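See below for the structure under consideration.
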Amino acid sequence: MVEPCPVLPDDVLEDILARLPAKSALRCRCLSHAWAARLSSDHFADRHFRLANRQGGPRILLLHVRGSRGPKAHMWSPDHPAGRKLMDIPRNLTFDPRKPGNRIPRLVTQHCRGLVVLDATATGIQYVYNPSTGRMSPLPEGRPTGCSSPSESSKKKYASLGLGYDEQTARHIVVRICYRGYYADKLPLDPRCEIYVVNSSMETGLWRPTRSDRPPAGWVNQHGTSVFARGHVYWLGQPRLKSPPQEMFIVSFSLLHETFGAVPPPPALDLGSKSLAEHRLTVLDGHPCLFCNMWPSYDVYLLREADAWDLRYRIDTSPSRVRKLLPYRDGLQPIASIDDGHRIVLIQPRSPWLCATSFRLCAYAPATGDAHSLLQADSNESSNGLLAHKTMALGHAALYEESILPTGQRHEDIIFAMSLVLRRLPECTLLKIMCVCKTWRAIIQSDRFAHKRRLMCWHDFIHF
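Here you go:
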């Protein structure tokens, strides 16, 4: 008699599945309804995140283009020195009919628990992107940026995004700061802030205003990436357009209280004639980090407390061995610290306009001044043809964390579901609901909604 196959306990089975790569764990959802429910829970997603990222660091996400092959997303780590391909960036995110060639999407936020916000520069649409699974969802259109009259058409207009994670609700939150323009003294005109909750059960596909105050009077840097640390989203800011560098400050946003704050730069920092573009924000060892270009050296400050800065590293690029590895002055940025903080990983992009420059990925020891390349010795092509020194034009880089978290429901699908519910309401109720918000009024007043509602009423009359 054949003995029955032993059945593993559910907790043991879940522990095994939590150690799978993100894409493999997602495929297991198709095996049964029970597995789909278990592997879609917040508990499993959190457990998978903790187990998948406890070893093999640091992992670095790279968005780049090589020759005519189109932009790609790769992951580099000490376990994968040649790089591991994550996905090809879709053509609709990179192709601009007005300009020849592909355009590399831009990371507008640093990585936050498996997700990142990606800006398709060719289309102007922002996406919540999970590099582990390759899934991305477009963010809904927020409050329009612009000016109040045609005479102000030349005024400054832009919006800046930040991404954070709320520990209490276990949800990602996208923060958007937008401006209508500026006054004659270069102060921002009517700055506003709104937030979007990703993967929320109450997700409506729309932005909502914050519960408390407006952003501080100043401009956040839209060309730099925002960072998230210790429950706050951080941006570099300045009070006026083209302000003197001495007026630079750091804008913070608390996800718990939905309030803004301003952090002054390190008091010992001599900004001199440096511009805002020569400084970058990143996260090192779980702390916000200010990376300052003080050529020929770079200073790395860590924000220990609310406004207490600590000079963590000083990178001297004057020795010849360092200049050989990092010959290009601009674009250098720290990614992570390794060996218990004794070394720091630096990335220097290859400029698409300067053919003499090369992409660099180095480890630097501030105590000794030693630096060495982390890429393979072959400078033309790696064994897998993924990363190379001279053939890769790097768009952006950030820390990479593996996760199976979804990127949110498409807001078009959410609005469609709302429309299905509204069609079955009586006419008198629809007139009252039109006063709730502009989105509901636009849905009800559209020709498509009226046509579909007439068809539904005719269908119900026939089957009465």
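With our numbering as the guide, the letters of the sequence shown map in order to residues 31 to 494. For glycine and all other residues, C-beta sits at the position ideal for the given N, C-alpha and C. Treat the numbers as computed from the prediction; the structure is a model and nothing was measured.
What span of residues does the alpha helix (DSSP H) with Thr347 cover, start to end? In the sequence shown, counting from the first residue as 1, residue 347 sits at position 317. No alpha helix (DSSP H) holds Thr347; DSSP gives it neither H nor E.
Between the Cα of Val146 and the Cα atoms of Ser167, Thr153, Pro221, Asp76, which residue gives the shortest distance? By 1-based counting over the sequence shown, the position of residue 146 is 116. When each option's Cα is compared against that of Val146, the closest is Ser167.
Taking the alpha-carbon positions, what's the Pro39 to Ser433 distance? Translated into the one-based positions of the sequence shown, residue 39 becomes position 9. Translated into the one-based positions of the sequence shown, residue 433 becomes position 403. Answer to the nearest angstrom: the Cα atoms are 24 Å apart.
For chain C, is any of its Cβ atoms less than 9 Å away from the one on Ala82? Annotation note: the requested chain C is absent from the structure, which comprises a single protein chain.
Give me the Cα-Cα distance between Arg114 and Arg390, rounded to the nearest whole angstrom. For this step, residue 114 is matched to residue 84 along the sequence shown. For this step, residue 390 is matched to residue 360 along the sequence shown. In a straight line, the C-alpha of Arg114 is about 17 Å away from that of Arg390.
From Ser350 to Pro161, what distance separates their C-alpha atoms? Taking the sequence shown and counting its residues from 1, the one referred to as residue 350 is at position 320. Taking the sequence shown and counting its residues from 1, the one referred to as residue 161 is at position 131. Spanning the two alpha carbons is a distance of roughly 37 Å.
Three-state secondary structure assigned by DSSP to Ser179: Translated into the one-based positions of the sequence shown, residue 179 becomes position 149. Bear in mind that a pLDDT of 42 at Ser179, under 50, signals an unreliable position, so the model cannot answer this.
Considering only the beta carbon of each residue, do Val227 and Thr199 sit closer than 9 Å? Locating residue 227 in the sequence shown gives position 197, where the first residue counts as 1. Locating residue 199 in the sequence shown gives position 169, where the first residue counts as 1. In contact: Val227 and Thr199 (Cβ atoms closer than 9 Å).
Count the other C-beta atoms from every protein chain shown that fall within 10 angstroms of the C-beta of Gln475, then say buried if there are 16 or more, exposed otherwise. Residue 475 sits at position 445 when you count from the first residue of the sequence shown. That one is exposed.
Mapping DSSP to helix, strand and coil, what is Phe109? To locate residue 109, count along the sequence shown from 1; it is residue 79. Before going on, a small fix: residue 109 reads as Asp here, not Phe. Three-state DSSP puts Asp109 in coil, outside helix and strand.
Please name the residue in Ala64, Val330, Pro269 whose C-alpha comes closest to that of Leu299. By one-based count along the sequence shown, residue 299 stands at place 269. Nearest of Ala64, Val330, Pro269 to Leu299, Cα basis: Val330.
Local conformation of Trp470 per DSSP, three classes: For the purposes of this step, residue 470 is taken as the residue at position 440 of the sequence shown. Of the three classes helix, strand and coil, the one that applies to Trp470 here is helix, per DSSP.
Give the straight-line distance between the Cα atoms of Arg260 and Trp470, rounded to the nearest whole angstrom. Taking the sequence shown and counting its residues from 1, one reaches residue 260 at position 230. Taking the sequence shown and counting its residues from 1, one reaches residue 470 at position 440. If I take the Cα positions, the gap works out to 37 Å.
Ignore the nearest five residues each way along the sequence and tell me which others in Asp400's own chain have a CB closer than 8 Å to its CB. Within the sequence shown, the letter at position 370 stands for residue 400. Around Asp400: Arg351, Tyr394.
Rounded separation between Arg89 and Asp76 - CA only: Taking the sequence shown and counting its residues from 1, the one referred to as residue 89 is at position 59. Taking the sequence shown and counting its residues from 1, the one referred to as residue 76 is at position 46. Approximately 19 Å between the Cα atoms of the pair.
Which residue spans inside the region 249-333 form an unbroken beta strand (DSSP E) run of at least 3? 257-259, 262-268, 279-284, 289-293, 309-314, 317-324, 327-333
Ser413 versus Glu431: straight-line alpha-carbon distance, rounded: One-based indexing of the sequence shown puts residue 413 at position 383. One-based indexing of the sequence shown puts residue 431 at position 401. Any reading at Ser413 needs caution, since the residue's pLDDT is 38, under 50, leaving its predicted position unreliable; the model's value is listed next. Spanning the two alpha carbons is a distance of roughly 24 Å.
Check Leu191 in the structure and name its three-state DSSP category. Translated into positions along the sequence shown, residue 191 becomes position 161. In this structure, Leu191 counts as strand in the three-state DSSP scheme.
Using only CA atoms, which one of Val95, Cys60, Leu341, Gln378 lies nearest to Lys354? Counting from 1 along the sequence shown, the entry for residue 354 is found at position 324. Measuring from the Cα of Lys354, the nearest candidate turns out to be Gln378.
Would you mind sorting Trp325 into buried or exposed? The rule is 16 or more other CB atoms within 10 Å of its CB. To locate residue 325, count along the sequence shown from 1; it is residue 295. Answer is exposed; the Cβ neighbour count stays below 16.
Do Leu333 and Asp315 come within 9 Å of each other at the CB atom, strictly closer than that value? Here residue 315 refers to the residue found at position 285 when the sequence shown is read from its first residue. Here residue 333 refers to the residue found at position 303 when the sequence shown is read from its first residue. Result no, Cβ atoms of Asp315 and Leu333 do not sit closer than 9 Å.
Measuring CA to CA, which of Pro120, Gly194, His141 is closest to Thr151? The residue labelled residue 151 in the question sits at position 121 within the sequence shown. Considering only alpha carbons, the answer is Pro120.
Are the beta-carbon atoms of Leu219 and Ile280 separated by less than 9 Å? Position 189 of the sequence shown, counted from the start, is the residue given in the question as residue 219. Position 250 of the sequence shown, counted from the start, is the residue given in the question as residue 280. In this structure, Ile280 does not lie closer than 9 Å to Leu219 by Cβ.
Using the rule of at least 16 other Cβ atoms within 10 Å of the residue's Cβ for burial, across every protein chain shown, is Leu286 buried or exposed? One-based indexing of the sequence shown puts residue 286 at position 256. Label assigned to Leu286: exposed.
May I ask which residues mark the beginning and end of the alpha helix (DSSP H) holding Cys60? Position 30 of the sequence shown, counted from the start, is the residue given in the question as residue 60. First-last for Cys60: undefined, no H or E at that position.
Let's see if you can read the secondary structure: which residues bound the alpha helix (DSSP H) around Val42? The residue you call residue 42 lines up with position 12 of the sequence shown. 40-47 is the span of the alpha helix (DSSP H), which, as asked, contains Val42.
Tell me whether Val204 sits in a helix, a strand or coil according to DSSP, three-state version. Looking up residue 204 in the sequence shown gives position 174. Strand.
Using the three-state DSSP reduction, which class does Ser403 fall into: helix, strand or coil? By one-based count along the sequence shown, residue 403 stands at place 373. Three-state result, Ser403: strand.
Would you mind working out which of Gly154, Leu81, Leu169, Leu429 sits nearest Ile46, comparing C-alpha positions? Your numbering for residue 46 matches position 16 in the sequence shown. Cα-wise, what sits closest to Ile46 is Leu81.
Less than 9 Å between the C-beta atoms of Cys60 and Leu50, yes or no? By 1-based counting over the sequence shown, the position of residue 60 is 30. By 1-based counting over the sequence shown, the position of residue 50 is 20. No, the pair does not count as a contact, with Cβ atoms beyond the cut-off.
Quick one: Cα of Pro269 to Cα of Asn251, how far? One-based indexing of the sequence shown puts residue 269 at position 239. One-based indexing of the sequence shown puts residue 251 at position 221. Going from the Cα of Pro269 to the Cα of Asn251 covers about 11 Å.
Who does Ala150 pair with in a DSSP beta bridge? For this step, residue 150 is matched to residue 120 along the sequence shown. Paired residue(s): Ile155.
Out of Gly267, His317, Thr312, which has the shortest C-alpha to C-alpha gap to Val293? Along the sequence shown, one-based indexing puts residue 293 at 263. Comparing Cα-Cα distances from Val293 to each of Gly267, His317, Thr312, the minimum goes to Gly267.
Reduced DSSP category for Asp196 - H, G, I as helix; E, B as strand; rest coil: Here residue 196 is taken as the residue at index 166 of the sequence shown, counted from 1. In this structure, Asp196 counts as strand in the three-state DSSP scheme.
Where do the ends of the alpha helix (DSSP H) carrying Ala75 lie? Position 45 of the sequence shown, counted from the start, is the residue given in the question as residue 75. Segment 72-82, the alpha helix (DSSP H) holding Ala75.
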